[in-house]
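The structure appears right after this line, and notes come after that.
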Amino acid sequence: MVKPIAGQANGWLAAGQSVVLDEVVDHGPFPLASLKAFNLAPAMASVHTTLVKNDASQALFEIAKGDTPFTVDTRIAYSGDSQSAIVLNALDYAKGDEKVTFSGGQFQLDADRDGKNISLKGQAGSGADRCAQRI
Numbered sequence: 113m114v115k116p117i118a119g120q121a122n123g124w125l126a127a128g129q130s131v132v133l134d135e136v137v138d139h140g141p142f143p144l145a146s147l148k149a150f151n152l153a154p155a156m157a158s159v160h161t162t163l164v165k166n167d168a169s170q171a172l173f174e175i176a177k178g179d180t181p182f183t184v185d186t187r188i189a190y191s192g193d194s195q196s197a198i199v200l201n202a203l204d205y206a207k208g209d210e211k212v213t214f215s216g217g218q219f220q221l222d223a224d225r226d227g228k229n230i231s232l233k234g235q236a237g238s239g240a241d242r243c244a245q246r247i
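If you're matching positions, the sequence shown starts at 113 in my numbering and goes up one per residue.
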């Protein structure tokens with residue numbers, strides 16, 4: 113859960129709002145989520161993460177056509193290394209002169225246990241991002 117620091121202004125979250133992530137954790141040595149994906153290598157855990165729809169995240173769900181805007185599936189090895197498959201879902205927003213279109217993307221984030229070696233690979237689909245405001 114992400115909340116604003118008490119007493120400090122925050123342009124993203126209003127007082128009382130929070131960003132909530134739903135995480136489903138399957139413990140090893142053979143996490144159920146890994147077995148479902150036919151990954152038979154032992155692991156400490158696998159974690160499936162999505163954004164929870166609430167008043168702070170409502171707009172993201174609207175531009176994602178009611179779906180979660182992203183999912184993250186993380187596999188944590190017994191060594192402490194982790195691999196995360198990140199899926200950014202398609203977004204489409206148009207209101208007045210403002211328009212954002214994004215067809216989604218898929219990324220692979222790998223990190224060692226100490227966070228010293230990190231790699232991010234992937235691709236984002238086509239999209240047109242344009243924001244215009246009349247002053």
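For each residue, glycine too, the CB sits at the ideal point set by N, CA and C.
Computed from a predicted structure; not experimentally measured.
Decide if residue i is buried, meaning its Cβ has at least 16 other Cβ atoms within 10 Å, or exposed.
i: residue 231; result: exposed
i: residue 133; result: exposed
i: residue 214; result: buried
i: residue 245; result: Its pLDDT being 40, under 50, residue 245 is placed unreliably in this model, and the value from its coordinates should be taken loosely. The residue is exposed, with fewer than 16 neighbouring Cβ atoms inside 10 Å.
i: residue 243; result: Confidence is the limiting factor: at residue 243 the pLDDT is only 45, short of 50, which leaves the residue's position unreliable, though a coordinate-based value still follows. Exposed is the call here.
i: residue 203; result: buried
i: residue 241; result: Reliability of the predicted coordinates at residue 241 is poor, the pLDDT of 47 falling under 50, and the value obtained from them is presented with this limitation in mind. With fewer than 16 Cβ atoms within 10 Å of its Cβ, residue 241 is classed as exposed.
i: residue 247; result: Unreliable positioning characterises residue 247 in this predicted model, as indicated by a pLDDT of 37, which lies under 50. The coordinate reading is nonetheless provided below. Exposed, by the Cβ-count rule.
i: residue 147; result: exposed
i: residue 209; result: exposed
i: residue 181; result: buried
i: residue 149; result: exposed
Going by the CB atoms, is the gap between residue j and residue i shorter than 9 angstroms?
i: residue 163; j: residue 172; result: yes
i: residue 178; j: residue 224; result: no
i: residue 158; j: residue 186; result: yes
i: residue 143; j: residue 190; result: no
i: residue 145; j: residue 138; result: yes
i: residue 166; j: residue 129; result: yes
Which whole-angstrom value is the C-beta distance of residue i and residue j, which I expect to be below 8 angstroms?
i: residue 219; j: residue 228; result: Actually they are not in contact, since the Cβ atoms of residue 219 and residue 228 sit about 20 angstroms apart, beyond 8 angstroms.
i: residue 156; j: residue 188; result: 5 angstroms
Can you name the start and end residues of the beta strand (DSSP E) that residue i belongs to?
i: residue 172; result: Counting along the chain, residue 172 falls outside any beta strand (DSSP E), though it belongs to the alpha helix (DSSP H) covering 170-175.
i: residue 158; result: 157-163
Hey, would you say the C-beta of residue i is under 8 angstroms away from at least one heavy atom of the ligand FAD?
i: residue 125; result: This structure lacks the ligand FAD, and indeed carries no ligand of any kind.
- beta strand (DSSP E) runs wholly inside the region 127-151, at least 3 long, in chain order: The region 127-151 contains these whole beta strand (DSSP E) runs: 133-139.
- Residue ranges of each beta strand (DSSP E) within the region 166-229, 3 or longer: Fully enclosed beta strand (DSSP E) runs of 3 or longer: 182-188, 194-200, 203-207, 210-214, 217-223.
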